[in-house]
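Visitor:
There are 2 protein chains.
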Amino acid sequence: MKIKTIPSASNAHHYQLLIKDLLENSLRVNPNHEIVYKDQERLNYYQLYDRIKQLCNMYGVLGLDGGSVVGVIDYDSHRFLMNYFAVPITGNVLHTVNWRLAPEQILYTINHAEDEVLIVHEDFLPVVETFFDRLETVKKIIVIKEKVSKINTTIVIDGFFDELLLEQSTIYEFPEFSEEAIATLFYTTGTTGNPKAVYFSHRQLVLHTMVESSVLSMMNEAFKIKSSDVYLPLTPMFHVHAWGLPYLATTLSLKQVYVGKFEPQSFIDIFRREKPTISHCVPTILNMLLSSPAARDIDLSTWSVLIGGSALSKPLAKRALDRGISVVTGYGMSETCPLLTSSYLSLVTIKNDIESQLDIRTMTGRAALLVDLKIVDEEGREVPKDGKSLGEIIVRAPYLTMGYYKEKEKGEELWQGGYLHTGDIAWINENNDIKIVDRSKDVIKTGGEWMSSLALEEMIGSYQGINDVAVIGVPDVKWGERPFALVVCKEGFTLSEQELKDHMQKFVDQKKINKWAIPDRFVFVEVIPKTSVGKISKKKIREMYASHEI
Amino acid sequence: MKIKTIPSASNAHHYQLLIKDLLENSLRVNPNHEIVYKDQERLNYYQLYDRIKQLCNMYGVLGLDGGSVVGVIDYDSHRFLMNYFAVPITGNVLHTVNWRLAPEQILYTINHAEDEVLIVHEDFLPVVETFFDRLETVKKIIVIKEKVSKINTTIVIDGFFDELLLEQSTIYEFPEFSEEAIATLFYTTGTTGNPKAVYFSHRQLVLHTMVESSVLSMMNEAFKIKSSDVYLPLTPMFHVHAWGLPYLATTLSLKQVYVGKFEPQSFIDIFRREKPTISHCVPTILNMLLSSPAARDIDLSTWSVLIGGSALSKPLAKRALDRGISVVTGYGMSETCPLLTSSYLSLVTIKNDIESQLDIRTMTGRAALLVDLKIVDEEGREVPKDGKSLGEIIVRAPYLTMGYYKEKEKGEELWQGGYLHTGDIAWINENNDIKIVDRSKDVIKTGGEWMSSLALEEMIGSYQGINDVAVIGVPDVKWGERPFALVVCKEGFTLSEQELKDHMQKFVDQKKINKWAIPDRFVFVEVIPKTSVGKISKKKIREMYASHEI
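These protein sequence lines are chains A and B, in that order.
Sequential numbering of the first sequence, starting at 1, is according to the UniProt record's numbering.
Sequential numbering of the second sequence, starting at 1, is according to the UniProt record's numbering.
1. Should R273 (chain A) be labelled buried (16 or more other beta-carbon atoms within 10 Å of its own) or exposed?
2. Using 10 angstroms around the beta-carbon of E509 (chain B), count the other beta-carbons present and answer buried if the total reaches 16, otherwise exposed.
3. How would you list, in chain order, the residues of chain A whose beta-carbon sits under 7 Å from the beta-carbon of R366 (chain B)?
4. Starting from F85 (chain A), trace the alpha helix (DSSP H) both ways and give me its first and last residue.
5. Closer than 7 Å by beta-carbon distance: list the chain A residues that pair up with P398 (chain B), in chain order.
6. Which partner residues of N44 (chain B) appear in the DSSP bridge assignment?
7. Over the uninterrupted alpha helix (DSSP H) stretch that includes Q168 (chain A), give me the two end residues.
8. For S253 (chain A), count neighbouring C-beta atoms within 10 Å of its own C-beta (all shown protein chains included) and say buried if the count is 16 or more, exposed if not.
9. Does K374 (chain B) come within less than 7 Å of chain A when only Cβ atoms are used?
10. Using a cut-off of 7 Å between C-beta atoms, extract the partners of D65 (chain A) located in chain B.
11. Strictly below 9 Å CB to CB, what residues from chain A border P175 (chain B)?
12. Which parts of the stretch 255-292 of chain A are runs of the beta strand (DSSP E), unbroken and 3 residues or longer, counting only runs that do not cross its ends?
13. Hey, could you find the ends of the beta strand (DSSP E) P195 (chain B) is sitting in?
14. Classify H241 (chain B) as helix, strand or coil using the three-state DSSP reduction.
15. Against M402 (chain A), what residues of chain B qualify as contacts under a CB-to-CB distance less than 9 Å, listed in chain order?
16. What are the complete alpha helix (DSSP H) segments, minimum 4 residues, inside the stretch 361-442 of chain B?
17. Can you check whether the C-beta of L55 (chain B) is within less than 7 Å of a C-beta belonging to chain A?
18. Please determine, among B:T446, B:L495, B:I151, the residue with the shortest C-alpha to C-alpha distance to P475 (chain B).
19. Can you check the stretch 88-149 of chain B for any beta strand (DSSP E) of at least 3 residues that lies completely inside it and give the ranges in chain order?
20. Assess contact between the stretch 11-26 of chain B and the stretch 36-44 of chain B, defined as three or more Cβ pairs (one per stretch) separated by less than 8 Å. Is contact present?
21. Anything in the stretch 420-441 of chain A with a Cβ closer than 7 Å to a Cβ of chain B? List those residues in chain order, please.
22. Within 7 Å (strictly less), CB to CB, does I268 (chain B) reach chain A?
23. Go ahead and pull the three-state DSSP assignment for S326 (chain A).
24. The beta strand (DSSP E) with V215 (chain B) in it runs from where to where?
25. Can you check whether the C-beta of E180 (chain B) is within less than 7 Å of a C-beta belonging to chain A?
26. Measuring straight from C-alpha to C-alpha, what distance separates E497 (chain A) and E481 (chain A)?
27. Assuming N429 (chain B) and D386 (chain B) form a contact by the criterion Cβ under 8 Å, report the distance between their Cβ atoms to the nearest whole angstrom.
28. Does the distance from the C-beta atom of I394 (chain A) to that of H421 (chain A) stay below 7 Å?
29. Take K535 (chain A) and list the residues in its own chain whose beta-carbon comes closer than 6 Å to its own, dropping the five residues that flank it on each side.
30. Less than 8 Å between C-beta atoms, sequence neighbours within five positions excluded: which residues of the same chain meet that for I155 (chain A)?
31. Tell me the residue span of the beta strand (DSSP E) that contains Y463 (chain A).
32. Step through the CB atoms of chain A and report whether any lies within less than 7 Å of the CB of W415 (chain B).
33. Which residues of chain B have a Cβ atom closer than 7 Å to the Cβ of K226 (chain A), listed in chain order?
34. Would a check of beta-carbon distances place Y247 (chain A) closer than 7 Å to chain B?
35. Using the C-alpha atoms, what's the distance from L94 (chain B) back to A249 (chain B)?
36. In angstroms, rounded to a whole number, what distance separates the CA positions of F271 (chain B) and G391 (chain B)?
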């Protein structure tokens, strides 16, 4: 079809969406709000702005003049936040290194991304030591030193972060360049083979921030950000831009709190002192906090928590709501920057009692502004909006990875048919509420029917005395696959397989599941294998139990 | 400098920011909210969506297949809202015709924009009749008929809007095209010569909507949009996209109320019935409403009003605040889509008493997210942030007109040096609050000093018995220029020139102005000439009084 364009005046400025523009806004809103790092540092936004300019100059001094990759290995910190800005602002690319990977995998990602400068918190030096001589592209290693004790390492260190930073001038003019410049890259695991790198441009990150701003201010009554909020992330900042919230919090100049190495007790001390009002984490962390005796007597009633990474179960949501925490679900993945959906509580729902809100709060939610989300069957046809027909979620949005870095074929597979394939199986109802029932590879196919391993986990988990549960499908000659459950009991509880089968029979009686959905075997274990970002690792469970006799 | 880009997967979708994406969101938030037109129509968002699809089909039937211009001559209405979406969504260009212009100027804009289809409310047929035979590009005229009486016109009519619309199918697939496609154009007056056309692309309008969403949700404590808000515009929809709010309100699926032809009494009836909570208008309209006896006994305390177009004076702001209306200032112009700044009330300021809030609420405000705003002196140097040094506001933002349509030289002038020159003279303080003191062409240069005509108007206007006032500079051999005032008295008041000079002398005594700032002449008139959008027309005043003896 035809469209009309009109030539621009020769001097007209073709505005590029750049990360610097988000930072500029922080000085206009509440610049006296603080960025807090543990009990070690408090910066207001004027100071943050100056530090970021110093960091830009530091990367110049280190010889980076755009297009180079900087790897950061750090806990959640004000320094990581500075790097979220300074690295892309200087036209370089931020590689947020996942330090929860095995050392060999970390090495793989650093070499694959071609990091030229590594910023390493001293705690991770022993890990870097194991592969220091095999780093292929790193020219400089800068160490973040927090402890007073002398650093004892065989690595050749090129400087200390704070020292080098504070030597620099605070005068720096943010350069202009194409909004298509790559700003960040990081690695995603969870499938077979090596980690794969996703990457995001300045334009994508600015648009993601603005979409998040709209969604989390006006469209969700249960998680609304306001300028008086205090933001404290509880997901690692190496993981999908900490869901983009540090960019948003900085744009809005919210008070921000970074906890460094996560430990429940120190977190609770910080919580008491800094009074965060908005956070985000995986269910495991929320569970850990709610189970912690130290958290028993603190007031959590002004806290809103966005839960993602894995499904938020109703029992966990209920425990959180009972403590006054406003929990909601967010959904996305490394490939998607991440925000795709969030559970949407309308003006009506938000006034209902807790029980009736549980369904909505644990829902995967509704597609965010600008997210074109479809649920399609195996032939690519959209499934009816009936709240039960299952299909795969495929998406378009202005901030999705455009492939996997140096993995052409895997990128083509991700984007087949012009939509990004999430691999998540879900239904959608007439209100456009989406519920993910499983990862496509975790769906259990038994007796010709699809069964959600997550639904089974939720049912099993609702039994008293259960602390954690994972269900996978194991091969079966007769049925194709059969469900198989790993269970962790709460302290002081001893459960039997028969007890759990009887419990599941109730759901069969209520016609919620078919009788072949009851796992044949329940195996009681001490701990369920998790991925580096705290999700149940079905991959590891399959490796451990693939040959399990059932 | 170098940047890094990474090739995309061959099927990866390069997301374009298109107006259709805003509409899609309306079905996900509160789709049961209604769009109300007077007492004639109530549509929920499902119905609006269907109507827009029908309108898309209608433009297909009328032979438009993209790149054509549709002119709309209508009051604020649900139909105008449908056209805000359907015309650009079909790849065509919406020309919002300013029907307040003189008929010959309206004709000029329609021919200049090359409108192919004209949508005309029946009330404007007599105007169109005056130039019907001189329309050069219009192929079809479609009439909006609301009254039962038969239409009596010499114009050849090609159909009635509602009839044609409702005949169409609701099945229509929104096409994808470049985000650089022009979506809207309209004409700006106020300078010498013919009206000039500004134009905006899909990308620009989507970004404007998102910036407005951020600014009006999280950054301004005095004008925060929430999903329960009821939106009612009080600026004509032909004027700068009604400040972009119909796009935002639709994106968020707010309840929207359109009043048709504006009359204070019918507005008040609608106000009582539909209970709007957010509106925007020029000061004149606010003044009219506050002065209307009919509005005396309605509760306005849940109403927030964004004031723009001209400066909001403190006396008017005070009267509004005394009635419980939360008034704030927004600033922008036709060339800027429009939002550039809004007055920013922090968490602290919002708790202060009314008097101390007046300064901030009448401030031009702080630059919006993504707006790069500078105040520069005549040599292009930024003025100090001292709250008094004057300079011109120049801007970059992702949604500024890239020139004037078919007026190359004027576009070059607008964009000289790569910044859009607003022609507004302002100061900025250390909090980044901006205050416009005048239009550069309205500043009075007397005895070698710049003097703000607006400041003088505010001082004169603070005297009791004054209803309206305008100050211009008139040429003076000795002083260069001298201030000259037009005054409209309130009913029942008779003022003398000496009385007003004595009043102004008080400001001289308080050292707020120099003694030569007192106008030599105060002329008492019945009405002050206004522009088509309700601003004081200093151009007309100058024409009338240029040769005035003083």
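Idealized CB from N, CA, C, for every residue including glycine.
Guide: By the coordinates alone:
1. Within the first sequence, the letter at position 273 stands for residue 273 (chain A). Exposed: under 16 other Cβ atoms inside 10 Å.
2. What you label residue 509 (chain B) is simply residue 509 of the second sequence in a count that begins at 1. In the sequence as displayed, the identity of residue 509 (chain B) is Asp instead of Glu. D509 (chain B) should be labelled exposed.
3. As a first step, residue 366 (chain B) must be located in the second sequence, where it is residue number 366. Here the neighbours are R28.
4. Walking along the first sequence from the start, residue 85 (chain A) turns up at place 85. It spans 78-89 - the alpha helix (DSSP H) in which F85 (chain A) sits, taken as one unbroken run.
5. Taking the second sequence and counting its residues from 1, the one referred to as residue 398 (chain B) is at position 398. Y15, L17, listed in chain order.
6. Position 44 of the second sequence, counted from the start, is the residue given in the question as residue 44 (chain B). Beta-bridge pairing links N44 (chain B) to B:E34.
7. Residue numbering aside, residue 168 (chain A) sits at position 168 when the first sequence is read from its first letter. From DSSP, Q168 (chain A) is part of no alpha helix (DSSP H); its letter is neither H nor E.
8. Within the first sequence, the letter at position 253 stands for residue 253 (chain A). Buried, because 16 or more other Cβ atoms sit within 10 Å of the Cβ of S253 (chain A).
9. Start at 1 with the first residue of the second sequence, and residue 374 (chain B) comes out as number 374. K374 (chain B) does not count as touching chain A.
10. Walking along the first sequence from the start, residue 65 (chain A) turns up at place 65. In chain order: M1, K2.
11. Start at 1 with the first residue of the second sequence, and residue 175 (chain B) comes out as number 175. Result: M1.
12. 255-258, 278-281
13. For the purposes of this step, residue 195 (chain B) is taken as residue 195 along the second sequence, with counting starting at 1. Run containing P195 (chain B): none; DSSP gives neither H nor E here.
14. Here residue 241 (chain B) refers to the residue found at position 241 when the second sequence is read from its first residue. If DSSP states are grouped into helix, strand and coil, H241 (chain B) belongs with the helices.
15. In the first sequence, residue 402 (chain A) corresponds to position 402, counting from 1. Here the neighbours are I6, P7, S8, A9, A12, H13, H14.
16. 408-414
17. Mapped onto the second sequence, residue 55 (chain B) falls at position 55. Judged by the 7 Å Cβ criterion, L55 (chain B) is not in contact with chain A.
18. In the second sequence, counting from the first residue as 1, residue 475 (chain B) sits at position 475. Closest option to P475 (chain B), Cα to Cα, is B:T446.
19. 93-96, 115-121, 140-144
20. no
21. N432
22. Counting from 1 along the second sequence, the entry for residue 268 (chain B) is found at position 268. For I268 (chain B), the answer is no, since every Cβ of chain A falls outside 7 Å of its Cβ.
23. Numbered from 1 along the first sequence, position 326 holds the residue referred to as residue 326 (chain A). Strand at S326 (chain A).
24. Working through the second sequence from its first residue, we reach residue 215 (chain B) at position 215. Where V215 (chain B) is concerned, there is no enclosing beta strand (DSSP E), although the alpha helix (DSSP H) it sits in stretches over 202-218.
25. Within the second sequence, residue 180 (chain B) is the residue found at index 180, counting from 1. True, the Cβ-Cβ gap to chain A drops below 7 Å.
26. Here residue 497 (chain A) refers to the residue found at position 497 of the first sequence. Here residue 481 (chain A) refers to the residue found at position 481 of the first sequence. Going by the C-alpha atoms only, they are around 20 Å apart.
27. Position 429 of the second sequence, counted from the start, is the residue given in the question as residue 429 (chain B). Position 386 of the second sequence, counted from the start, is the residue given in the question as residue 386 (chain B). Going by Cβ atoms, the distance from N429 (chain B) to D386 (chain B) rounds to 7 Å, so yes, they are a contact pair.
28. If you number the first sequence from 1, residue 394 (chain A) lands on position 394. If you number the first sequence from 1, residue 421 (chain A) lands on position 421. Yes, the pair counts as a contact, with Cβ atoms nearer than the cut-off.
29. Taking the first residue of the first sequence as position 1, residue 535 (chain A) is located at position 535. So the qualifying residues of the chain are G309, S310.
30. Position 155 of the first sequence, counting from 1, holds the residue named residue 155 (chain A). Same-chain partners within the cutoff: L125, V128, E129, F132, I141.
31. The residue labelled residue 463 (chain A) in the question sits at position 463 within the first sequence. Where Y463 (chain A) is concerned, there is no enclosing beta strand (DSSP E), given that its DSSP letter is neither H nor E.
32. Counting from one through the second sequence, the residue named residue 415 (chain B) turns up at place 415. True, the Cβ-Cβ gap to chain A drops below 7 Å.
33. As a working note, residue 226 (chain A) is residue 226 in the first sequence. Here the neighbours are M218.
34. Residue mapping note: residue 247 (chain A) aligns to position 247 of the first sequence, counting from 1. False, the Cβ-Cβ gap to chain B never drops below 7 Å.
35. Residue mapping note: residue 249 (chain B) aligns to position 249 of the second sequence, counting from 1. Residue mapping note: residue 94 (chain B) aligns to position 94 of the second sequence, counting from 1. Between A249 (chain B) and L94 (chain B), the C-alpha separation is close to 19 Å.
36. Within the second sequence, numbered from 1, the residue matching residue 271 (chain B) stands at position 271. Within the second sequence, numbered from 1, the residue matching residue 391 (chain B) stands at position 391. So the alpha carbons of these two residues sit roughly 41 Å apart.
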